[in-house]
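All remarks here apply to the structure that follows.
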Amino acid sequence: MIKIDDLSFTYPGGDFRLTIPNLVLEPGEKVAVVGPSGTGKTTLLNLIAGITVPQAGTVRIGDQTVTDMNDAARRALRASKIGFVFQDFALLEYLSARENILFPYRIAAGAKLDASARARAEQLAASCGLAGKLDRRPGALSQGEQQRVALCRALIMEPALVLADEATGNLDPANKAAILDLLFARTADQGATLLAVTHDHELLPRFDRVIDFSTFRTAQGDAA
Amino acid sequence: MNALFLAVSYLRFHWARSLVLVLVAALILSVPIISQVLLNGSQTALTERAENTPLVLGSRGSQLDLAMNALYFSDDRANPVTMADADVIWDTGLGLPIPLNTAFETNGARIVGTSIEYFEFRGLDVAQGRQIAVLGEALLGASVAERLGLGPGDTVVSAPQNLFDLDGVYPLELNIVGVLAPTGTADDEAVFVDIKTSWVIAGIGHGHDGVLAQGATSGDIVASAAIIEFNRITDDNIDSFHFHGDPSDYPVSAILLVPNDDRAATILRGRYLDPENPVQIIVPNEVIGELVGRIFRIKSLLDAVTLIVGGAALAAVGLAIFLSYRLRAREMQTAFKIGARKGMILRLISAETIIILCIAGAIALAITIAVQANGGAIVGWLLAT
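Residue numbers (this note's numbering), protein chains in the order written: chain D, 317 to 540; chain R, 47 to 431.
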């Protein structure tokens with residue numbers, strides 16, 4: 317379970333404050349976050365992942381309080397319990413699809429890249445329709461295929477929470493649906509919670525819940 | 047290990063950029079070492095040969111040109127002296143004159159016309175074949191033989207001095223009869239012939255068909271442009287070779303003098319001190335010693351320039367790595383977001399830098415070893431050109 321209480325974050329030098337009194341995401345829940353650009357949707361993902369530290373409030377993932385952790389612990393938490401899917405895929409051009417999927421193993425503290433991890437990567441890739449394409453570099457893959465690789469990378473460490481930031485934003489309608497199907501199916505396989513920022517309103521009915529993010533944003537100095 | 051894998055993957059993917067960085071770093075590392083190796087080799091080669099050559103007689107003018115030509119067969123040649131000057135020395139009984147005629151070349155190697163005493167004076171041994179014996183025979187220096195892939199039984203042709211001068215020197219095909227053992231000196235880069243053979247190349251001596259009309263008496267000479275002049279000396283035509291003019295006027299580039307003792311050397315030097323005398327005697331050790339002193343003064347300047355250029359190049363490499371880091375900010379950000387452990391990015395950049403420097407170091411080492419192994423030949427070539 318992901319639980320946010322009385323979270324308050326002010327951008328350094330910024331002109332508004334993000335305030336979230338209370339937000340709970342149940343295990344396996346699929347939640348969409350919508351709202352106008354610049355309202356801090358990505359900031360919410362960063363606050364939950366411990367990339368950004370709030371001025372006040374708490375973020376809990378399971379029994380761990382992210383806001384009480386030091387930097388190293390937050391990094392370890394992200395590597396082990398949180399999967400990220402980005403709008404621009406953020407794949408490394410110099411690595412093959414297989415090595416991109418296994419990238420978290422190469423950079424995370426304590427992660428061991430062994431045969432079982434490699435087998436899991438193959439299995440995950442096959443389930444995402446990437447069989448036979450794992451030796452290709454991102455430049456040799458279509459956009460839809462690149463996002464599938466990014467999805468596999470987010471899921472390879474079997475995270476409890478998947479954060480998707482406009483994951484379908486750069487894809488054509490057919491690929492949007494396919495990627496969302498995969499995102500739902502694979503997170504469901506792993507029992508992970510999905511929190512997805514999106515502008516695609518036609519996709520919203522497929523989520524368990526939709527949060528209108530504009531309700532959390534208040535101008536600096538206003539009462540929360 | 048992971049940082050190493052990622053670094054290698056990155057460098058391989060951006061191979062052109064990596065190659066440029068490696069080559070620049072290799073050059074920065076190797077240039078000072080190579081210059082030091084070559085300078086030390088030059089100093090040794092210059093001084094050893096100069097110390098082993100007591101006196102050189104030649105045309106008055108640049109002492110350095112005379113020394114470089116007589117010792118290293120360099121392109122810098124003063125006006126020739128004549129065999130009469132060798133005869134003068136011979137007549138004094140104060141030392142042994144060894145004539146050198148270095149006016150010609152073949153296949154990029156200097157043809158050195160000399161007397162048989164030269165080989166004994168320099169301690170040159172024949173490794174293959176035999177010593178030159180008759181007109182038209184040549185003995186190859188070790189490096190020349192290796193470079194041209196020639197040995198006893200083969201031939202080399204002297205280079206014509208001017209292709210368009212019909213009255214000029216014609217090429218002569220020389221019969222190779224032997225190859226000298228390597229010495230690591232300028233002798234390895236030369237083709238030795240008898241001094242008389244060099245005069246044949248110069249056109250002073252030649253061989254041709256009979257010039258008497260059929261059935262004519264010895265007074266009826268019918269020589270014309272139609273007469274065939276031999277361009278190779280063989281057993282069949284060697285008797286037809288002859289020289290024109292006064293032998294004492296035949297040119298030599300320089301004359302090595304081997305005085306009987308110090309007293310003889312002093313007397314000989316004293317006889318050629320007059321600045322009006324068109325001929326001079328030099329002490330190679332003094333001339334080369336002055337040159338070496340200048341080289342090492344220049345080396346100090348070279349070191350400073352190398353330091354500045356090296357610093358600038360290192361700064362350029364650093365800038366390239368820094369720009370690469372900036373260009374990869376998105377990648378770094380992704381790594382951070384998905385939980386890269388602290389210092390991972392630094393380890394990645396460090397691994398890339400270390401790999402580049404290690405490969406560059408290996409290349410620099412290989413270049414240095416290659417230069418060191420062939421230092422003698424390189425120095426010999428540098429001194430001869």
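Every residue gets a Cβ at the ideal spot worked out from N, C-alpha and C, and that includes glycine.
Just so we're clear, the structure is a prediction, and the values are computed from it rather than from any experiment.
- Under the 10 Å beta carbon count, residue 354 of chain D is surrounded by fewer than 16 other beta carbons and is classified as exposed.
- If you compare the alpha carbons of R/279, R/90, R/313 with that of residue 219 of chain R, the shortest gap goes to R/279.
- Contact check between the segment 481 to 494 of chain D and the segment 395 to 408 of chain D: three or more CB pairs, one atom from each, fall below 8 angstroms, which counts as touching.
- Taking a Cβ-Cβ threshold of 7 angstroms, the residues of chain R close to residue 367 of chain D are 383, in chain order.
- Contact of residue 370 of chain R with chain D is not assigned, every C-beta pair being separated by 8 angstroms or more.
- Per the C-alpha coordinates, the member of R/93, R/49, R/67 positioned closest to residue 336 of chain R is R/93.
- Close to residue 408 of chain D, with beta-carbon spacing below 7 angstroms, are these residues of chain R in chain order: 377.
- In summary, residue 288 of chain R is exposed, with fewer than 16 beta-carbon neighbours lying within 10 Å of its beta-carbon over all protein chains present.
- Chain-order list of chain D residues neighbouring residue 390 of chain R: 423, by C-beta distance under 8 angstroms.
- For residue 195 of chain R, there is no enclosing beta strand (DSSP E), since its DSSP letter is neither H nor E.
- The C-beta distance from residue 298 of chain R to residue 126 of chain R rounds to 6 angstroms, short enough to fall under 8 angstroms.
- Contact note: residue 508 of chain D does not reach chain R at a C-beta cutoff of 7 angstroms; the least C-beta distance is about 15 angstroms.
- Separation of residue 192 of chain R and residue 203 of chain R (C-alpha to C-alpha, rounded to the nearest whole angstrom) is 17 angstroms.
- Among the residues facing chain R, residue 337 of chain D is not included, as its CB has no counterpart in that chain under 8 angstroms away.
- Between the segment 218 to 237 of chain R and the segment 150 to 160 of chain R, the count of C-beta pairs closer than 8 angstroms reaches three or more; the two stretches touch.
- Annotation: the continuous beta strand (DSSP E) that includes residue 326 of chain R extends over 325 to 328.
- Burial is judged here by how many other beta carbons sit within 10 angstroms of a residue's own beta carbon; residue 405 of chain D has at least 16 and is buried.
- Judged by pairs of C-beta atoms under 8 angstroms, the segment 135 to 142 of chain R does not touch the segment 371 to 386 of chain R, as fewer than three such pairs exist.
- Taken in chain order, the complete beta strand (DSSP E) segments of 3 or more residues contained in the segment 201 to 255 of chain R are 201 to 203, 219 to 226, 236 to 240.
- Contact with chain R is absent for residue 480 of chain D, since none of that chain's Cβ atoms lies less than 8 angstroms from the residue's Cβ.
- When DSSP states are grouped into helix, strand and coil, residue 163 of chain R belongs to the helix group.
- With distances taken between CA atoms, residue 52 of chain R lies nearest to R/392 out of R/143, R/275, R/392.
- Against chain R, the beta carbon of residue 387 of chain D has neighbours under 8 angstroms at 388, listed in chain order.
- Looking at the backbone, the Cα of residue 491 of chain D and that of residue 370 of chain D are separated by about 35 angstroms.
- Bounds of the beta strand (DSSP E) holding residue 337 of chain D are 332 to 341.
- Between the segment 492 to 505 of chain D and the segment 416 to 425 of chain D, the count of C-beta pairs closer than 8 angstroms stays below three; the two stretches do not touch.
- Interface criterion not met: the Cβ of residue 452 of chain D is under 8 angstroms from no Cβ in chain R.
- The continuous stretches of alpha helix (DSSP H) do not include residue 481 of chain D, which lies in the beta strand (DSSP E) extending over residues 477 to 481.
- Taken in chain order, the complete beta strand (DSSP E) segments of 3 residues or longer contained in the segment 450 to 532 of chain D are 477 to 481, 509 to 513, 525 to 528.
- Under the Cβ distance rule, residue 328 of chain D does not count among the residues neighbouring chain R, no pair being separated by less than 8 angstroms.
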